[in-house]
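**Student:** Let me give you the structure first, and then I'll get to my questions.
Number of protein chains: 2
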Amino acid sequence: MQRDSRPHDRHDGLRPLLEPAAVAIIGASDDEARIGGRPLRYMREAGFSGSIYPVNPNRETVQGIKAYPSIREVPEPVDCAIVAVPAKIVVQTLEDCAAMGVKSAIVFSSGFAEVGAKGEAMQMRLSAIAKRSGLRILGPNCLGLLSFKSRFFATFSSTGDGVYFEPGPLAIISQSGAYGTHLYAVARSWGLRVSHVITTGNECDIDVAECIGWAAEAEEVKIIATYAEGIKDGPALIKSLELARANKKPVIFIKVGRSEEGAAAAASHTASLAGSDEIYDAVFRQYGVHRADTTEEMLDIAYACTAGIYPTGNKIGLVTISGGVGVQMADYANKCGLHVAPMPEAAQKKLKAALPFASPRNPVDCTAQIFNDLSLLGTNFTIMLDEGKYDVAVAFFTIAAASPYIVEPLLKELDSLRERFPGRLIFLSLMGPPEIVARYRDAGYLTFVDPCRAIATAAALVGFGESFAGKGKTIPDDARPAEALPVRAMSEWDSREVLVCAGIPVVEAKIANSPKEAAAAAAAFGRPVAMKINGSEFSHKTEIGGVELDVATPDDARRLYGLVRNRAKEQAPSAQPDGVIVAPMIDGGVETILGVQVDPVFGPAVMFGLGGVFVEVFQDVVFRLAPFGRDEAMKMISGIKGAKLLQGVRGGPPSDVDALADALAALSRFAASHADTLDSVDINPFTVLPKGQGAVALDCLVVPKGLEER
Amino acid sequence: MQRDSRPHDRHDGLRPLLEPAAVAIIGASDDEARIGGRPLRYMREAGFSGSIYPVNPNRETVQGIKAYPSIREVPEPVDCAIVAVPAKIVVQTLEDCAAMGVKSAIVFSSGFAEVGAKGEAMQMRLSAIAKRSGLRILGPNCLGLLSFKSRFFATFSSTGDGVYFEPGPLAIISQSGAYGTHLYAVARSWGLRVSHVITTGNECDIDVAECIGWAAEAEEVKIIATYAEGIKDGPALIKSLELARANKKPVIFIKVGRSEEGAAAAASHTASLAGSDEIYDAVFRQYGVHRADTTEEMLDIAYACTAGIYPTGNKIGLVTISGGVGVQMADYANKCGLHVAPMPEAAQKKLKAALPFASPRNPVDCTAQIFNDLSLLGTNFTIMLDEGKYDVAVAFFTIAAASPYIVEPLLKELDSLRERFPGRLIFLSLMGPPEIVARYRDAGYLTFVDPCRAIATAAALVGFGESFAGKGKTIPDDARPAEALPVRAMSEWDSREVLVCAGIPVVEAKIANSPKEAAAAAAAFGRPVAMKINGSEFSHKTEIGGVELDVATPDDARRLYGLVRNRAKEQAPSAQPDGVIVAPMIDGGVETILGVQVDPVFGPAVMFGLGGVFVEVFQDVVFRLAPFGRDEAMKMISGIKGAKLLQGVRGGPPSDVDALADALAALSRFAASHADTLDSVDINPFTVLPKGQGAVALDCLVVPKGLEER
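If you read the protein sequences in the order shown, they are chains A and B.
The working numbering puts the first residue of the first sequence at 843, with every later residue one more than the last.
The working numbering puts the first residue of the second sequence at 843, with every later residue one more than the last.
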């Protein structure tokens, strides 16, 4: 795993880039439609307050501003250079910038890593300049940035055109320029104001992770929307996400694609079930990030976050003027993981008294009758929030809320409600002319046309609330670097020893080196045993006939010792046997699989799933980055679809999930402690016995990392 | 199951309601804001072309039109009476209407079945009037209807206000008035034109199913959007859905809530897994209906259906100016069940030649470079559609498409593309001022801001295309009514006999009535057997010790005969044993469950799932209405999440799914033939052996319907 050690302070280092006092535009053009002309026009039109120095060796002035033949002639220290020159002279241009003490550069130019090996080599030179000189570089091959507080519109995207908002709370950070500006355009069309749009392009220096960290600390940013195709520096991302969580700033993340590395790492059986996209899922889950699939989902959530209310519970109260829509909302809330808790009985009686036709349980169906006397709505809604104690409420009013007879009295009721319950997250589902809808928004409510979109969004905010409340904190403090694993393949017996030391329960076993020892072991256990060929080169023991199960007697064990060895030798002649493991058969319990894989980006992750066909047929597995504690392990266990199986089905007893959780947490500590020397762990099956009886690994393999990878 | 037998022709009977030549408004009000005043105002303002007769005993004129003291005084035959009077005089009013030969009535009045028993009784009188006289009644407790061709705006909803569109292709049919008008308001705000909005309210006569059937036949309707909380007449709905499919009209359906009846019917183990919401799912799947969850999903699809293009394949081609968005689209298309097929190699070469930077596989990433020469876009897109033969294409242009430099040349390319491939479904993801977006729509393209919404919508249209192409046709023609099942509980042995006759493979077995017969049976099978107490009153045989598995020898069988009988007698003293079933043990195979339940609304449905813990833990079951053929059975089998298990996992052989499909189809014919006398069937386990070896029921129970239910 690569760890970054840039000399400069990462986050505060972005200030010259985002809030420059003096800007040079290298390759500045008089043509306002060209790449080198647009940012200059945008800054002029928007009223950028700093100095602007066009650089163009062929002109005295550019767009009416005095031009300079090179960055070396610019008379003032430059905070940020916008570079809009052909790829082949970018390296020299940035060398010049670095020599002149320019603090940051935005490289629009394309023709780098995205076009193949030659471009990649050039890009590495840019990275080297950044590292050596401290010049911070955004790009190359990026669409630049928009920084609203400074009115610094350093982009050639047409989204820079025309609309120069006051800054808002949303920072958009995107690897893709086209997507980042699309996101901004959609946000703008919704009236959702942004603080920054930063597109990172090829990321020769500044990456999405660093920008998130910066935004997490920037006072003017309250909400972070990020788009990435891949993250190179996992630990840096995690650090930024931790910072965002600590500062209670929601991060909404669209991560597309599945990394090549993940697929390549699919070596062991466990790992082949992975695909590092699931690791991203795990990271996002662990750090309270909402992973969105679509632009609308992302911006719905960003919009709702502008209310700054992050509920700590998931109880949702639903108010409707249509019984049918009430059911639709309840169905959908349930699907989104929200709890449509019924109103307390006493409160239901009060509601019923106020409005006899109303259905008071939750959803509270006021019927359209409510509009005859809107004070009833206020009364009902107050009873709901007061006695139902809902964390979130969604009220469906549709176009009725825009009727001229309704607006004023409804707002009056809603105003006093808002005053009384300032901390509750309340959505109104309504539609009407923009100026009417704006009045409800101004009254402190979130408005959506579609009640289901409001509900899905509410669920996301509940997720942030839980994460901010510290429920997401998962790191135990007793994980520390441990002795390196050996630089050689480990046998099952070696693996056992290591895992037992790590606190993972492994079935009692003996190693036998002769028929006599095998018989003695079987006799010592006094019950049927399993016999398995041992040796670091046997990876598929069953397939080569190296396993005998249900060996009933010591005599059988004596006889089978030779058979097992001989079959293994025959099928895998080059492998060196190292005894035969004899272990008692374990009856009953639920078979699960525990595993570790070391993700090239994020480091060690623990996998958990049900064993046998479940994992193959349903791919019902979950991942978490290591290390984590018992609470997170419990969340993993309840996070698989087949979790019910561990609660006891068909009259079977509930399983010892406490023992399972302890083992998962122990495995995660082991994985974290050996991150640098571990390739993978595969514990399959890990049998969870009935409650109180523990859990036990029946087979296990620890694969150390080869020396060349260390 | 109730079957309707109204005397009047169901569908054409709605013409007087929807296209009346003469309308009476009973309870007409001079106050334009009141329930009896609004429809009159709307009709006047919209220019309803027929005669209007306000009925109000207290006024000479209403809103300037001559009024009549009662419906009996109206001088012309009336096609439709709008009834806006208090509930208590509705019965008399409708009696008067019927007496005067009024053809239809729309009853706004509330206070019927929705308020309890007394209202229900009144509503039954309305139903009786309709049945007896042929007066067709919409409502009561409904918001009326909007019929755009006739400019007949018979509603008191404020949605009737102000905007009187030309008719469009979309019929909105909703039980809920509030939701139906909300749907209409959203459609209107999107510029999506509608033909009708019909709200059916309490459905004392006209129901959603009939309206769908009518819309399926009405020439002006091309798309049907329906909302219902529950359907009373399943066969009528199915008939209407068949009609819509035959006429290639897509039906998009929001069905909320789960019926009480379904829960109550949860008697047998199989049935308890059901819940009739799953039956709705089955019906919608079988009849090609798209079940939507939200308003936006419904209207996105309705909008896309205005293109009238229903692809018959699911290959999607993706064009993008942003590589990242390409990946996002591909991820999402895959999630939606579309096939992101790669371009043929030769075509990829051509694309690469035209645009060296482009990624030509699919998604085809043209990069923003395309805008330097838009003819390349035309070239690329043509190659894609021509050689890639995609059924659907989505192109992501975002705001770039609205740039003044781009609009004209892009439209030029798109115009010739549209001309060349008129039958392909093509979506553009773009945004900009409405007048610019309108130009792309006018050029014959569907436009969406969010590419993922376009993709989800495309998937729905592919579903319609497959259904219209007849792939959804499932009914075999060899299912006919059969002999009634007995009016008594059936034993396992009885059930066997019946199912064997129905063509379902059941394990060979003998019934033993003495220890000697048991031994003889075991000897005859010559292998280990299972022994089970038989009798119509033993429902949980295992629990009462009435089952012995793996009985190894005839001697064991002899000995265990008495034991099995005695235990059963002891545990269930009141139950009468009827011999002991002896059947050979079957090794291997995959355990599945087959079942039948008779839904109170839709009749018999067949259930299929994996056996054992799968069904309990994953609830991995599918349903289909009976009867169906082999093809539909195959779809059921591949429709469960664990379908992979039948293909052979962990080196196991693939299962004999042909035999399984035959059994499902046979069971469906059995269920359909005995619809009137069957309560449920439970075949568990139904073991599917390796390919070529068939499949076999190991345990089964047929439960006939009690006489009182027949």
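Backbone N, C-alpha and C define an ideal beta-carbon position, used for all residues, glycine too.
Bear in mind that the values here come from a model prediction, so they are computed numbers and not experimental data.
(1) With a 10 Å radius around its C-beta and 16 neighbouring C-beta atoms as the bar for buried, classify A1106/B as buried or exposed.
(2) Compare the Cα-Cα distances from T1519/B to each of N900/B, L1327/B, A1505/B and report the closest residue.
(3) Would you mind reading off the limits of the alpha helix (DSSP H) that contains M885/B?
(4) Using a C-beta to C-beta distance shorter than 7 angstroms, which residues of chain A count as neighbours of A1027/B?
(5) How would you list, in chain order, the residues of chain B whose beta-carbon sits under 8 angstroms from the beta-carbon of Y1069/A?
(6) Output the distance between the C-alpha atoms of A1237/A and L1025/B, rounded to the nearest integer angstrom.
(7) Comparing C-alpha positions only, which one of E1412/A, F1306/A, D1215/A sits nearest to K1383/A?
(8) Taking the C-alpha atoms as reference points, what is the distance between G1451/A and V1455/B?
(9) Take L1180/B and list the residues in its own chain whose beta-carbon comes closer than 6 angstroms to its own, dropping the five residues that flank it on each side.
(10) Taking DSSP as the reference, what is the three-state secondary structure of T793/A?
(11) Buried or exposed: which applies to V1530/A, given that a residue is buried once 16 or more other Cβ atoms fall within 10 Å of its Cβ?
(12) Among the candidates S1497/A, I1040/A, L1219/A, whose CA atom is the shortest distance from the CA of G1430/A?
(13) In terms of residue numbering, what span does the alpha helix (DSSP H) encompassing C1024/B cover?
(14) Going by DSSP, what residues sit across from E1433/A in a beta bridge?
(15) Is the segment 1129-1143 of chain B close to the segment 1484-1492 of chain B, with three or more CB pairs under 8 angstroms?
(16) Helix or strand or just coil, what does DSSP make of C984/B?
(17) Can you give me, in chain order, the residues of the segment 1166-1194 of chain B that have a beta carbon less than 7 angstroms from any beta carbon in chain A?
(18) Are there 16 or more other CB atoms within 10 angstroms of the CB of G1130/B, so buried, or fewer, so exposed?
(19) Go ahead and pull the three-state DSSP assignment for R1133/A.
(20) Between Q1017/A and chain B, is the shortest Cβ-Cβ distance under 9 angstroms, so that the two count as touching?
(21) So for Q1535/A, helix, strand or coil by DSSP?
(22) If contact is defined by three or more beta carbon pairs under 8 angstroms, each pair taking one atom from either stretch, is the segment 1417-1434 of chain B in contact with the segment 1352-1370 of chain B?
(23) What in chain B is Cβ-close to K1486/A, meaning under 8 angstroms?
(24) Got a sec: is the Cβ-Cβ distance from G1314/A to anything in chain B below 9 angstroms?
(25) Measure how close the beta-carbons of A1503/A and A1475/A come, nearest whole angstrom, since I'm counting them as under 8 angstroms.
(26) Distance check for D1521/A and A1507/A, CA to CA, integer angstroms please.
(27) Taking CB distances under 9 angstroms as the criterion, tell me whether V1544/A reaches chain B.
(28) CB I894/B to CB R886/B, shorter than 9 angstroms?
(29) Using beta-carbon positions only, say whether C1046/B and T1068/B come within less than 9 angstroms of one another.
(30) With DSSP run on the structure shown, which of helix, strand or coil describes Y1122/B?
(31) If P803/A and A1244/A are in contact, beta carbons under 8 angstroms, what's the gap, nearest whole angstrom?
(32) Tell me whether E1255/A is buried or exposed, calling it buried when 16 or more other Cβ atoms sit within 10 Å of its Cβ.
(33) Using a C-beta cutoff of 9 angstroms, does I1278/A count as contacting chain B?
(34) Mind reading off the beta-carbon distance from P1357/B to G1404/B? Whole number of angstroms is fine, and I expect it under 8 angstroms.
(35) Comparing the C-beta of D1123/B with each C-beta of chain A, is any distance below 9 angstroms?
(36) Taking Cβ positions only, does H1024/B come closer than 9 angstroms to chain A?
**Tutor:** Reading it off the structure:
(1) Counted from its first residue, the second sequence places residue 1106/B at position 264. Here A1106/B scores only 31 on pLDDT, less than 50, and its place in the model should not be relied on; the value that follows carries that caveat. Result: exposed.
(2) Locating residue 1519/B in the second sequence gives position 677, where the first residue counts as 1. Selected option, being the one with the closest Cα: L1327/B.
(3) Taking the second sequence and counting its residues from 1, one reaches residue 885/B at position 43. 880-888 is the span of the alpha helix (DSSP H), which, as asked, contains M885/B.
(4) Numbered from its first residue, the second sequence carries residue 1027/B at position 185. The contacting residues are T1240, I1241, M1273.
(5) Taking the first residue of the first sequence as 1, we reach residue 1069/A at position 227. Neighbours of Y1069/A in chain B, taken as residues whose beta carbon is under 8 angstroms from its own, are G1166 in chain order.
(6) Here the question's residue 1237/A lines up with position 395 in the first sequence. Here the question's residue 1025/B lines up with position 183 in the second sequence. Going by the C-alpha atoms only, they are around 16 angstroms apart.
(7) Residue numbering aside, residue 1383/A sits at position 541 when the first sequence is read from its first letter. Looking only at E1412/A, F1306/A, D1215/A, the smallest Cα-Cα distance to K1383/A is reached by E1412/A.
(8) Sequence index remark: in the first sequence, residue 1451/A carries index 609 (1-based). Sequence index remark: in the second sequence, residue 1455/B carries index 613 (1-based). One alpha carbon belongs to G1451/A, the other to V1455/B, and they sit about 15 angstroms apart.
(9) As a first step, residue 1180/B is located in the second sequence; it is residue number 338 there, counting from the start. Hits under 6 angstroms: N1156, I1158, A1301.
(10) Nothing in the structure corresponds to residue 793/A, since chain A is present only between 843 and 1552.
(11) As a working mapping, residue 1530/A is identified with position 688 in the first sequence. By the 16-neighbour rule on beta-carbons within 10 angstroms, V1530/A is buried.
(12) By 1-based counting over the first sequence, the position of residue 1430/A is 588. Check the Cα spacing between G1430/A and each of S1497/A, I1040/A, L1219/A: the tightest is with S1497/A.
(13) As a working note, residue 1024/B is residue 182 in the second sequence. Note that residue 1024/B is His in the sequence shown here, rather than Cys. Boundaries of the alpha helix (DSSP H) around H1024/B: 1019-1031.
(14) Locating residue 1433/A in the first sequence gives position 591, counting from the first residue. For E1433/A, the pairing in a beta bridge is given by DSSP as T1529/A.
(15) No, they do not touch.
(16) Within the second sequence, residue 984/B is the residue found at index 142, counting from 1. Of the three classes helix, strand and coil, the one that applies to C984/B here is coil, per DSSP.
(17) Near chain A, meaning a CB-to-CB distance below 7 angstroms, the residues of the segment 1166-1194 of chain B are G1166, V1167, V1169, Q1170, D1173, Y1174.
(18) Position 288 of the second sequence, counted from the first residue, corresponds to residue 1130/B. Burial state of G1130/B is buried, judged by a 10 Å Cβ sphere holding 16 or more other Cβ atoms.
(19) Taking the first sequence and counting its residues from 1, the one referred to as residue 1133/A is at position 291. In this structure, DSSP gives R1133/A an extended state, which the three-state scheme calls strand.
(20) Sequence index remark: in the first sequence, residue 1017/A carries index 175 (1-based). Closer than 9 angstroms: yes.
(21) Counting from 1 along the first sequence, the entry for residue 1535/A is found at position 693. Reduced to three states, the DSSP call for Q1535/A is coil.
(22) A contact is defined here as three or more CB-CB pairs under 8 angstroms, and the segment 1352-1370 of chain B meets this definition with respect to the segment 1417-1434 of chain B.
(23) Locating residue 1486/A in the first sequence gives position 644, where the first residue counts as 1. Residues of chain B passing the Cβ test: E1458, V1459.
(24) Numbered from 1 along the first sequence, position 472 holds the residue referred to as residue 1314/A. A caution first: G1314/A carries a pLDDT of 48, below 50, which makes its placement in the model unreliable, though a value can still be read off. No - not a single Cβ of chain B is within 9 angstroms of the one on G1314/A.
(25) By 1-based counting over the first sequence, the position of residue 1503/A is 661. By 1-based counting over the first sequence, the position of residue 1475/A is 633. The pair is a contact, with the Cβ atoms about 4 angstroms apart (cut-off 8 angstroms).
(26) What you label residue 1507/A is simply residue 665 of the first sequence in a count that begins at 1. What you label residue 1521/A is simply residue 679 of the first sequence in a count that begins at 1. Going by the C-alpha atoms only, they are around 18 angstroms apart.
(27) Along the first sequence, one-based indexing puts residue 1544/A at 702. Judged by the 9 angstroms Cβ criterion, V1544/A is not in contact with chain B.
(28) The residue given as residue 894/B occupies position 52 in the second sequence. The residue given as residue 886/B occupies position 44 in the second sequence. Yes. Within cutoff.
(29) Numbered from 1 along the second sequence, position 204 holds the residue referred to as residue 1046/B. Numbered from 1 along the second sequence, position 226 holds the residue referred to as residue 1068/B. Not in contact: C1046/B and T1068/B (Cβ atoms no closer than 9 angstroms).
(30) Taking the first residue of the second sequence as position 1, residue 1122/B is located at position 280. In this structure, Y1122/B counts as helix in the three-state DSSP scheme.
(31) Outside the modelled stretch of chain A, which goes from 843 to 1552, sits residue 803/A, for which no answer is possible.
(32) Sequence index remark: in the first sequence, residue 1255/A carries index 413 (1-based). Flag for E1255/A reads buried.
(33) On the first sequence, position 436 is the one that residue 1278/A refers to. I1278/A does not count as touching chain B.
(34) If you number the second sequence from 1, residue 1357/B lands on position 515. If you number the second sequence from 1, residue 1404/B lands on position 562. The beta-carbon separation of P1357/B and G1404/B, rounded to 6 angstroms, stays under the 8 angstroms limit for a contact.
(35) As a working mapping, residue 1123/B is identified with position 281 in the second sequence. Not flagged as an interface residue toward chain A: D1123/B, since no C-beta distance is shorter than 9 angstroms.
(36) As a position in the second sequence, residue 1024/B is number 182, starting the count at 1. Answer yes: the Cβ-Cβ gap between H1024/B and chain A drops below 9 angstroms somewhere.
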